[in-house]
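Visitor:
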Amino acid sequence: MASLVLAEHDNTHLSDATAKTVTAAAAVSMPVHILVAGANCGAVAEAAAKLAGVEKVLVADDALYAHMVAETMETLLLSVADKYDAVLAPATTNGKNILPRVAAKLDVPQISEILKVVSADTFERPIYAGNAIQTVQAPAGKKVITVRTTAFKAAAEGGSAAIEKIAAGNDPGTAKFAGEALSKSERPELTSARIVVSGGRGLGSAENFKLIEKVADRLHAAVGASRAAVDAGYVPNDYQVGQTGKVVAPDLYLAVGISGAIQHLAGMKDSKIIAAINKDEEAPIFQVADFGLVADLFQALPEMDQELAKRGR
Amino acid sequence: MKVLVPVKRVIDYNVKVRVKADQTGVDLANVKMSMNPFDEIAVEEAVRLKEKGKATEIVAISIGPLQASETIRTALAMGADRGILVKTDGDVEPLAVAKILKAIVDAEQPGLVITGKQAIDDDSNQTGQMLAALLGWGQGTFAHKLDLESGSAKIEREIDGGLQTVEVKLPAVMTTDLRLNEPRYASLPNIMKAKKKPIEEKSPADYGVDVTPRLKVLKVAEPAKRGGGVKVKTVAELLDKLSEAGAI
Numbered sequence: 001m002a003s004l005v006l007a008e009h010d011n012t013h014l015s016d017a018t019a020k021t022v023t024a025a026a027a028v029s030m031p032v033h034i035l036v037a038g039a040n041c042g043a044v045a046e047a048a049a050k051l052a053g054v055e056k057v058l059v060a061d062d063a064l065y066a067h068m069v070a071e072t073m074e075t076l077l078l079s080v081a082d083k084y085d086a087v088l089a090p091a092t093t094n095g096k097n098i099l100p101r102v103a104a105k106l107d108v109p110q111i112s113e114i115l116k117v118v119s120a121d122t123f124e125r126p127i128y129a130g131n132a133i134q135t136v137q138a139p140a141g142k143k144v145i146t147v148r149t150t151a152f153k154a155a156a157e158g159g160s161a162a163i164e165k166i167a168a169g170n171d172p173g174t175a176k177f178a179g180e181a182l183s184k185s186e187r188p189e190l191t192s193a194r195i196v197v198s199g200g201r202g203l204g205s206a207e208n209f210k211l212i213e214k215v216a217d218r219l220h221a222a223v224g225a226s227r228a229a230v231d232a233g234y235v236p237n238d239y240q241v242g243q244t245g246k247v248v249a250p251d252l253y254l255a256v257g258i259s260g261a262i263q264h265l266a267g268m269k270d271s272k273i274i275a276a277i278n279k280d281e282e283a284p285i286f287q288v289a290d291f292g293l294v295a296d297l298f299q300a301l302p303e304m305d306q307e308l309a310k311r312g313r
Numbered sequence: 001m002k003v004l005v006p007v008k009r010v011i012d013y014n015v016k017v018r019v020k021a022d023q024t025g026v027d028l029a030n031v032k033m034s035m036n037p038f039d040e041i042a043v044e045e046a047v048r049l050k051e052k053g054k055a056t057e058i059v060a061i062s063i064g065p066l067q068a069s070e071t072i073r074t075a076l077a078m079g080a081d082r083g084i085l086v087k088t089d090g091d092v093e094p095l096a097v098a099k100i101l102k103a104i105v106d107a108e109q110p111g112l113v114i115t116g117k118q119a120i121d122d123d124s125n126q127t128g129q130m131l132a133a134l135l136g137w138g139q140g141t142f143a144h145k146l147d148l149e150s151g152s153a154k155i156e157r158e159i160d161g162g163l164q165t166v167e168v169k170l171p172a173v174m175t176t177d178l179r180l181n182e183p184r185y186a187s188l189p190n191i192m193k194a195k196k197k198p199i200e201e202k203s204p205a206d207y208g209v210d211v212t213p214r215l216k217v218l219k220v221a222e223p224a225k226r227g228g229g230v231k232v233k234t235v236a237e238l239l240d241k242l243s244e245a246g247a248i
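Here the protein sequences line up with chains A and B, keeping their order. For the first sequence, position 168 (counting from the first letter as 1) is numbered 168 according to my numbering, and the numbering increases by one without interruption. For the second sequence, position 241 (counting from the first letter as 1) is numbered 241 according to my numbering, and the numbering increases by one without interruption.
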């Protein structure tokens with residue numbers, strides 16, 4: 001049969017999380033189809049069709065799917081699930097919101113946040129905030145899987161899949177979109193940025209977070225934060241890196257004023273290079289950092305800003 | 001309106017878990033257990049609804065070993081009215097939990113089910129959504145803020161790009177995120193009072209649910225260790241090292 005990947009997008013751009021999920025899907029069952037559900041999402045479908053290894057793109061273009069409300073997405077996914085032996089989505093807030101509904105209705109267990117496809121029915125996934133890795137074997141039958149995208153390489157471009165329109169499912173009418181407040185930023189997106197500069201409670205205030213932003217902008221980096229900084233109200237919730245926030249794996253993760261709680265490490269320890277600035281030399285972050293600087297961040301950050309300027313950044 | 005709050009007994013979030021040498025799981029012997037932190041937030045939200053006169057009764061449910069009754073007691077001490085313990089041995093997967101909860105919902109007819117978005121042991125993040133699907137209800141997952149209106153609820157959710165609000169018809173399922181509220185500590189008088197609150201003991205068979213795991217756990221291993229690196233003395237040296245490593 002085949003596997004179906006639920007596309008992550010904003011009706012205009014296809015998220016890189018989709019290409020990574022395609023890689024996981026190809027290891028589970030070939031060929032790979034992508035489902036794009038959205039409103040006026042033609043450009044997304046075209047981008048999905050260009051991913052290498054994708055045979056077909058299903059498009060449900062309807063106002064009903066403008067915000068991928070889980071209750072309507074459940075009906076849509078169930079209407080096509082018959083033809084697939086695996087349904088996958090990236091473990092984004094969308095994927096996590098929608099897929100368990102589908103698994104429950106199919107009466108199959110969901111396998112959450114896989115890190116590795118060991119074989120077509122066996123997967124590795126993190127438990128206890130990544131402090132242990134579980135290898136699980138799924139029973140025969142349909143598989144419903146969310147994918148930790150930092151663990152998979154993105155499928156390359158170069159495909160030319162057929163695009164097939166499918167009808168919208170019915171609206172169960174139990175829930176509807178009622179508004180959103182999205183963070184606007186010119187910076188790269190946190191989960192796909194090459195460099196991430198994160199701040200913690202050590203910053204002390206929302207105002208001081210500008211020190212992080214200045215350095216981040218010099219490096220064309222995304223800005224992240226520890227849970228402590230988000231809880232303290234320095235930055236919005238979508239900045240949070242950690243087990244219950246975003247999981248990132250950039251080429252460089254610079255942690256500033258972050259002690260390195262297990263919860264935070266779970267969200268960034270797969271970064272290629274980790275650098276840390278903290279005034280407490282005993283801070284656990286130094287145990288995972290490739291380069292550690294014991295310093296007061298209020299001196300180190302302005303100095304880094306100047307030094308980067310000097311180096312033409 | 002009655003509110004159901006499913007709570008799970010898990011290894012305390014401050015405990016560093018150890019993988020068993022035979023790789024069959026993590027060591028639970030003599031380890032401090034507590035209520036899943038997200039479920040504490042769920043109990044707190046339910047108690048606040050009751051204090052505002054919007055909830056009439058709070059039923060705390062736990063599915064687990066006999067000791068899970070302690071977790072229910074914690075919920076009762078925070079302000080829940082009564083408990084239901086569904087006694088099981090061994091791990092119960094989210095789908096089976098959702099099926100048991102559905103049967104309890106059918107019997108109890110609550111207006112709202114509030115539970116944590118995920119348990120910090122298996123990190124599945126499935127149960128609330130599965131329950132909502134099995135019931136054919138709407139859901140507000142990863143809740144940041146709840147506004148109850150008559151017949152519906154506006155739930156602000158923490159999503160990847162920021163915040164999103166959904167309007168769900170009641171009855172509905174809500175799962176909690178970290179910033180929904182700050183759970184209270186139970187006071188000593190309330191802990192004493194909780195001892196007298198009733199806990200009903202049930203089994204999965206009472207609800208006709210087979211809790212045999214469907215997923216086979218082949219192995220539980222330690223994650224790859226990341227070695228510590230070097231300390232540098234100055235910002236300039238740090239940038240030099242990062243340049244050398246090709247990171248900037």
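C-beta atoms are modelled at their ideal positions from N, C-alpha and C, and glycine is treated no differently. As the structure is a computational prediction, the values presented were derived from the model and not from experiment.
Does DSSP classify F152 (chain A) as helix, strand or coil?
Guide: coil
Visitor: Quick check: what's the CA-CA separation for G233 (chain A) versus A206 (chain A)?
Guide: 7 Å
Visitor: According to the neighbour-count rule (16 or more other Cβ atoms, all chains shown, within 10 Å of its Cβ), is E201 (chain B) buried or exposed?
Guide: exposed
Visitor: Would you say A222 (chain A) and K142 (chain A) are within 8 Å of each other, going by their C-beta atoms?
Guide: no
Visitor: Where does S187 (chain B) land, buried or exposed, given buried means 16+ other C-beta within 10 angstroms?
Guide: exposed
Visitor: Three-state secondary structure (DSSP) at E40 (chain B)?
Guide: helix
Visitor: For A186 (chain B), which residues in chain C fall below 8 Å Cβ to Cβ?
Guide: The structure shown contains no chain C; its protein chains are A and B.
Visitor: Using DSSP's beta-bridge definition, name the partner residues of L88 (chain A).
Guide: A:V5 and A:I145
Visitor: Quick check: R194 (chain A) and R313 (chain A), are their CB atoms within less than 8 Å of each other?
Guide: In this structure, R313 (chain A) does not lie closer than 8 Å to R194 (chain A) by Cβ.
Visitor: Can you name the residues of chain B whose CB is closer than 7 Å to the CB of P109 (chain A)?
Guide: E93, L95, R214 and L215, listed in chain order.
Visitor: Tell me, please, whether the region 160 to 178 of chain A touches the region 163 to 172 of chain B by the rule of three or more beta-carbon pairs shorter than 8 Å.
Guide: yes
Visitor: Just checking my contact of L148 (chain B) with K102 (chain B) at CB under 8 Å: how many whole Å lie between their CB atoms?
Guide: In fact, because the Cβ distance is near 22 Å, the residues do not count as touching under 8 Å.
Visitor: Helix, strand or coil: which one does DSSP assign to P126 (chain A)?
Guide: In the structure shown, P126 (chain A) sits in a strand (DSSP, three-state: E or B).
Visitor: Hey, quick one: how far does the beta strand (DSSP E) through P6 (chain B) stretch, first residue to last?
Guide: K2 to P6
Visitor: Does the separation of the CB atoms of Q129 (chain B) and A7 (chain A) fall below 8 Å?
Guide: no
Visitor: For a contact meaning CB atoms closer than 7 Å, what does E45 (chain B) contact in chain A?
Guide: Residues of chain A passing the Cβ test: none, with the nearest at roughly 17 Å.
Visitor: Which whole runs of the alpha helix (DSSP H) in the region 182 to 244 of chain A are 4 residues long or more, in chain order?
Guide: 209 to 218 and 227 to 231
Visitor: Mind pulling the chain A residues with CB within less than 8 Å of K154 (chain B)?
Guide: Ordered by position in chain A, the residues that pass the 8 Å Cβ test against K154 (chain B) are A178.
Visitor: For G200 (chain A) versus L76 (chain A), is the C-beta distance shorter than 8 Å?
Guide: no
Visitor: Which same chain residues, not among the five before or five after L293 (chain A), have their C-beta less than 6 Å away from its C-beta?
Guide: I277
Visitor: Work out the CA separation of L115 (chain A) and L51 (chain A) for me, nearest whole Å.
Guide: 21 Å
Visitor: For D12 (chain B), collect the residues of the same chain with a Cβ closer than 7 Å to its Cβ; drop the 5 residues on either side in sequence, then sort them by chain order.
Guide: K32, M33 and S34
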